[in-house]
Structure formats: structure tokens, C-alpha cells
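Each residue of the sequence shown is one higher than the one before, counting from 1 in UniProt numbering.
What follows is one structure encoded as C-alpha cells, with my remarks underneath.
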Amino acid sequence: MGEIEIDLPERLEMQIAQLIEEEEYIDRQEAVEDLISIGIRTLRTSGRRDEEEEFDEFEDTMGGDDEYAF
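Below, the structure written as C-alpha cells:
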């Protein structure tokens with residue numbers, strides 16, 4: 001299996017941690033592999049989204065310090 005190293009924005013780190021906490025995934029590696037696969041499939045079927053549109057989607061979803069939201 002290939003290996004890559006990436007730096008993720010904190011909001012993505014928090015969202016991945018929440019998915020693991022909610023037992024959607026066993027660990028970070030499984031979550032990242034699956035989420036990348038989902039993203040690639042989505043890109044192939046619907047095309048690339050505008051970056052501003054993507055930012056707007058998450059702008060109002062992050063809760064306070066103790067809350068993670070999508």
C-alpha cells in the first residue's frame with residue numbers, strides 16, 4: 001500500500017475524531033482511507049465544487065469548544 005503524509009486543517013481533524021468517537025470508523029487510518037475514496041468517487045460523478053461553495057457549507061456547522069458538527 002502506498003503511503004502519503006498530509007497536513008489537515010484543524011476542522012477536518014476534529015470531524016475525523018468525531019467520526020471515530022461515534023464509532024463510524026475504528027481508527028484514523030480507516031477513516032481517512034474511506035473518506036478519500038468517497039471524495040474521489042464524488043468528484044468523478046459530480047465534478048469539482050467551487051472552493052467558496054465548499055467553505056460556505058462548513059461555515060455555520062462548527063459548534064463551540066465542546067461540540068463538533070458537520
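Every residue gets a Cβ at the ideal spot worked out from N, C-alpha and C, and that includes glycine.
A quick note: this is a predicted structure, and the numbers were derived from the prediction, not measured.
Item                                                                                                                      : Value
So R28 and I20 are in contact, right, with Cβ under 8 angstroms, and what is the actual spacing, rounded?                 : 7 angstroms
When the Cα atoms are used, what is the spatial distance from E13 to V32?                                                 : 10 angstroms
Taking only the alpha-carbon atoms, compute the straight-line gap between P9 and A17 and give it to the nearest angstrom. : 13 angstroms
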